[in-house]
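Going down the list, the protein sequences come from chains A and B. Those letters in the first sequence? Residues 9 to 340, by my numbering. Those letters in the second sequence? Residues 9 to 340, by my numbering. All residues carry an ideal CB built from backbone N, CA and C; glycine is no exception. Computed from a predicted model, the values in this text were never measured in an experiment.
Protein chains: 2
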Amino acid sequence: MNNRKFILDKRPQAQITDDLFKLVTEPLPTLKDGEVLVRNQYLSLDPTHRIWMSDMEQYMPPIALGEVVRAGGVGVVTESKSPLLKTGDLVMGLLGWQDYSLHPAAALRPLPKEMDIPPTAFLSVLGLTGMTAYFGLLDITAPKAGETLVVSGAAGAVGSIVGQIGLIKGLRVIGIAGTDAKCAWLTKELGFHGAINYKTQDVKKALAELCPKGVDIYFDNVGGATTEAVWSNLNMYARVSLCGMISGYNDGKPIPGPRNYSLILMKRLKVQGFIVSDYGARWPEAIGEMYQWVKQGRIKYAEDIVEGLENAPRAVNKLFDGSNTGKLILKC
Amino acid sequence: MNNRKFILDKRPQAQITDDLFKLVTEPLPTLKDGEVLVRNQYLSLDPTHRIWMSDMEQYMPPIALGEVVRAGGVGVVTESKSPLLKTGDLVMGLLGWQDYSLHPAAALRPLPKEMDIPPTAFLSVLGLTGMTAYFGLLDITAPKAGETLVVSGAAGAVGSIVGQIGLIKGLRVIGIAGTDAKCAWLTKELGFHGAINYKTQDVKKALAELCPKGVDIYFDNVGGATTEAVWSNLNMYARVSLCGMISGYNDGKPIPGPRNYSLILMKRLKVQGFIVSDYGARWPEAIGEMYQWVKQGRIKYAEDIVEGLENAPRAVNKLFDGSNTGKLILKC
């Protein structure tokens, strides 16, 4: 049996393209004591892949050239030399863009068997993106019922959950997305109070109409012109949770701040970045609460599943051309 | 008796120049019940004058064209039709660029007689700039002993107090200023651990040398290139207290954010703006503590006093060409 794996060969200057990678085939490794072999089933494709592939200053070391492309995922243990895990166990961890992955057993987490939910949920609503939404909204912005929340990248894996948690907390929720279909999904399926298509509408003006009491909280996934338009509508003492800047990741240069940055001063804003891994100790609490919300039908989640490991480089670009709705996942 | 007053006639496009104002002479007003007349003695000249004179989005209404130029100040009551104040009382309030000012007595605050300190202190260390330093450092950044603080505009009225409060709180304190003389004053007179002349040194490199453990807190008075250099040296979870952006006030266009703005995300920064007036209720507490520190010799303050109301427009430019050290005050 062989393993196919994508090796990072070159760093992207702009878009992610096929020629950045080499697809290598090699025999399956032999296990040492304490190790397990995992058949990767589902891999998480995220905007941060573009960051990890670059050598910009970032929150983890970049993927080294010659290394397998880093990716979280869910898989099944096919061989074990550890008492911690046995063949057939479903696990999650940093599996990488490959068919199989070898790990010290302690580096993987078994999926909770008591939760009646498909395994991909642990890559979406109960995974890193769900946790990002949960802590990035609740911990960074401390929302109060009656406040107005605007979320950009609203039809994405993080944004769609942020908005629904906002609704649960009694906020007025406005989403910004890139197609009319996404906007309709946000308002009709998820219950957002309003949605704006940033490609066809004047975001600044539309927000002023949809947010008669101004904007108290901005959950920012995108940066750029959308962010400037939202900032213009922020209230005094508004809080900005800075989760991502996807609009600038492909530019191949540092991502500048908004041109109306001085509003931080004039409006006494708080702008805060965060990384979900900082909240690791509190994930069990958050996963438990999110699971209940899903079971109660208060949080819906969408998954956009692309099949075939060989399609990984092209699939990840759906995040950047905006053609995904919900969590982008690769089925190996 | 006559009153001379500076009326704002035009808004500045770049630097503040004489031709923006009209110096008008008019008879002293007649008092109504509840009013007092004040002979203005000392006026506070601050970077925010440039903001108030413009029509950029700001934290108070701009000065209206045709109105006297707004300015805080200290003066003596020369006539009173209020039981609250009597002739000879020293008061502070928004007096304006003029020889005399008329106020409802309740709009003024008497200087505390129990404090043995010159009246100008209530425009500097015990005034708005001292309060700005106090709350902008202690409340916005919650410093912990052993952390490293960098302050820009460090020889100014706010920056010089910020650094000294930092020293009292056990921080390593590095100041950034624009002349070698200012830098020498910071390290030799005020006890800063280091100082950098941004006009002659590579700030990014100098900071890396002076802050071997990185920068935990940045108190930002200036924005622009200096801010970008400091951000490059910030530690994970660093806090930025955004107090001013004086390097951009004369540009006549919106002041952009730093080009390395994405560090908010990568380093999980918290960037927060504030306005000292929001802390009005806590000023007595802060003034009391700062007064003790001054009396104990733990806080020194410098005042740069320019004489003559007629010199106000030129005097205020000392803030922008960097020729003042400490609090800039106009003696009427």
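Asked	Found
Under the three-state DSSP convention, the category I184 of chain B falls into	strand
With 16 other Cβ atoms within 10 Å as the buried cut-off, status of L273 of chain B	buried
Given D210 of chain A as reference, the closest of A:V230, A:H201, A:T234, A:V223 once Cα atoms are compared	A:T234
Cross-chain neighbours of Y67 of chain B in chain A, by beta carbon under 9 angstroms	M244, L273, M274, K275, R276
Counted within 10 angstroms of its Cβ, other Cβ atoms place T333 of chain A as buried (16 or more) or exposed	buried
Members of the stretch 142-167 of chain B near chain A, C-beta cut-off 8 angstroms	none
Partners in chain B for M253 of chain A, counting only beta-carbon separations shorter than 7 angstroms	S270, L273
Distance between beta carbons of V77 of chain B and L16 of chain B, contact taken as under 8 angstroms	6 angstroms
Residues of the stretch 305-337 of chain B whose Cβ lies closer than 9 angstroms to any Cβ of chain A, in chain order	none
Residues near V158 of chain A in its chain [Cβ-Cβ closer than 6 angstroms; skip 5 each side]	I182, V223, Y226, V238
Alpha carbon of K18 of chain B to alpha carbon of R12 of chain B, nearest angstrom	18 angstroms
Under the three-state DSSP convention, the category H201 of chain B falls into	coil
Below-7 angstroms beta-carbon distance, V279 of chain A vs any chain B residue	yes
Amino acids of chain A, ordered along the chain, whose beta-carbon sits closer than 8 angstroms to that of L250 of chain B	I272, L273
I71 of chain B at chain A interface by Cβ criterion, 7 angstroms	no
Y50 of chain B versus B:G81, B:W105, B:N241, residue with shortest Cα-Cα distance	B:G81
Pair within 7 angstroms by beta-carbon distance, M298 of chain B and G138 of chain B	yes
Between the CA atoms of L336 of chain A and L327 of chain A - distance to the nearest angstrom	8 angstroms
In chain order, each beta strand (DSSP E) run of at least 3 residues that lies wholly inside the stretch 64-95 of chain B	80-88
Neighbour list for R267 of chain A in chain B, Cβ cutoff strictly below 9 angstroms	K261, P262, I263, P264, G265
Backbone CA spacing between H111 of chain A and D312 of chain A [nearest angstrom]	27 angstroms
Inter-residue Cα distance where the pair is G281 of chain B and W193 of chain B	28 angstroms
Sequence-distant residues of its chain with Cβ nearer than 7 angstroms to V133 of chain B (five each side left out)	I169, M298, V302, I307, Y309
Option in A:L45, A:P37, A:L103, A:K152 with minimal Cα separation from F14 of chain A	A:L103
Proximal chain B residues relative to I283 of chain A, where beta-carbon distance stays under 9 angstroms	L273, M274, R276
Run of the alpha helix (DSSP H) containing E155 of chain A, from where it starts to where it stops	Note, E155 of chain A: premise wrong, no alpha helix (DSSP H); not H, not E.
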